[in-house]
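Peer 1:
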Amino acid sequence: MSSYASLTERLNLFMQGNQSVVDALLREVLPKLHEIAVRELKRERYMAPLSKTELIHEVWLTSLSKGGWQIRDQGHFYALASLAMRRVLVDLARKRLAARRGAGETALPLDESGALLGATVRDAQQIVEIGLLMERLEAKDPDAARMVDMHYFSGFTLEEIAQETGLTVRQVRSRWEKGMKWLKRMLQSDR
32 MSSYASLTER LNLFMQGNQS VVDALLREVL PKLHEIAVRE LKRERYMAPL
82 SKTELIHEVW LTSLSKGGWQ IRDQGHFYAL ASLAMRRVLV DLARKRLAAR
132 RGAGETALPL DESGALLGAT VRDAQQIVEI GLLMERLEAK DPDAARMVDM
182 HYFSGFTLEE IAQETGLTVR QVRSRWEKGM KWLKRMLQSD R
């Protein structure tokens, strides 16, 4: 394999089952995956049983190594990895809830910037709720869901998202705001 292949090319080769690129690929993507995992786990502090390495390992084993992802570019890969991490955390939260059905539930409020208020005290029900709402948003408006995933969950700036998607910053902001307004409305309607 040529050492000049781009990250996107190597990711796509790996997704097609080419194992010869795994070592170099891991060395290149692990630092950014660690950043994303740290951010996800900070939002889900009660999920202490998982370390960032365990979360990445789980995503690699359950999603990446199975292949099938259609990677358009590096930003798309990291957005998909972030989404996979969120789904792992939602699945863990569902398992915890199954063990403690009937616990008190509270809605998760969003502030004006779209940040989750009290994010450090969320419980498993709230994570499941956000996960289910993100799935509904993805079905309803995939563009808005992608902007929310990339900005809120993956930590990309609106400018970085614009660069990765080919949209203008104004288009990205509009879609992100639309997605966050929808999420906020759905969360408030559950109260």
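If you use my numbering, the sequence shown corresponds to residues 32 to 222, in order.
Glycine included, each C-beta is placed from N, C-alpha and C at the ideal position.
Sorted by chain position, which residues of the same chain lie with C-beta nearer than 8 Å to Q194's C-beta, five sequence neighbours on each side aside?
Peer 2: Correct list, in chain order: G106.
Peer 1: Within a Cβ cutoff of 6 Å, which residues of the same chain sit near E89, ignoring the five residues on either side of it in sequence?
Peer 2: Excluding residues within five positions, the ones whose Cβ falls inside 6 Å are V119.
Peer 1: Going by beta-carbon coordinates alone, are M116 and L92 separated by less than 8 Å?
Peer 2: Cβ atoms of M116 and L92: not closer than 8 Å.
Peer 1: For F187 and S113, what's the separation of their Cα atoms in angstroms?
Peer 2: Going from the Cα of F187 to the Cα of S113 covers about 11 Å.
Peer 1: Since R167 and A110 should fall inside the 8 Å C-beta cutoff, what is the C-beta to C-beta distance between them, to a whole number of angstroms?
Peer 2: Not quite, the Cβ-Cβ distance comes to about 18 Å (not below 8 Å), so this is no contact.
Peer 1: DSSP three-state call for F45: helix, strand or coil?
Peer 2: It is helical.
Peer 1: A134 to F184, Cα distance in whole Å?
Peer 2: Only weak support is given to the placement of A134: the predicted model assigns it a pLDDT of 46, under 50, and the value that follows is read from those uncertain coordinates. If you take the alpha carbons of A134 and F184, they lie about 26 Å apart.
Peer 1: Excluding the five sequence neighbours on either side, which residues of its own chain have a C-beta within less than 7 Å of the C-beta of D180, listed in chain order?
Peer 2: The answer, listed in chain order, is A110, S113, L114.
Peer 1: Run through DSSP, which three-state label would G197 get?
Peer 2: The answer is coil: DSSP assigns G197 none of H, G, I, E or B.
Peer 1: Is it right to say T196 is buried, meaning 16 or more other beta carbons lie within 10 angstroms of its own, or is it exposed?
Peer 2: Result: buried.
Peer 1: Could you check if G210 is buried or exposed, using at least 16 other CB atoms within 10 Å of its CB as the buried criterion?
Peer 2: Label assigned to G210: buried.
Peer 1: Q157: which of A124, R70, K171, N49 sits nearest, CA to CA?
Peer 2: Per the Cα distances, A124.
Peer 1: Which residue spans inside the region 156-214 form an unbroken beta strand (DSSP E) run of at least 3?
Peer 2: If we require 3 residues or more, the region 156-214 turns out to have no beta strand (DSSP E) run fully inside it.
Peer 1: My assumption, with CB atoms under 8 Å, is that W213 sits in contact with H182. Please give the rounded CB distance.
Peer 2: 14 Å between Cβ atoms; not a contact.
Peer 1: Can you name, in chain order, every residue of its own chain whose Cβ lies under 6 Å from the Cβ of S144, other than the five neighbours on each side?
Peer 2: Low confidence applies here, because S144 scores a pLDDT of 43, under 50, leaving its location unreliable and the question unanswered by this model.
Peer 1: Counting C-beta neighbours from all protein chains within 10 Å, is the total for R41 16 or more, i.e. buried, or is it exposed?
Peer 2: With 16 or more Cβ atoms within 10 Å of its Cβ, R41 is classed as buried.
Peer 1: If I follow the unbroken alpha helix (DSSP H) through I87, where does it start and stop?
Peer 2: First-last of the alpha helix (DSSP H) with I87: 83-90.
Peer 1: Could you check whether L38 and E59 sit closer than 8 Å to each other, using their CB atoms as the reference points?
Peer 2: Their beta carbons are under 8 Å apart, which means E59 touches L38 by this criterion.
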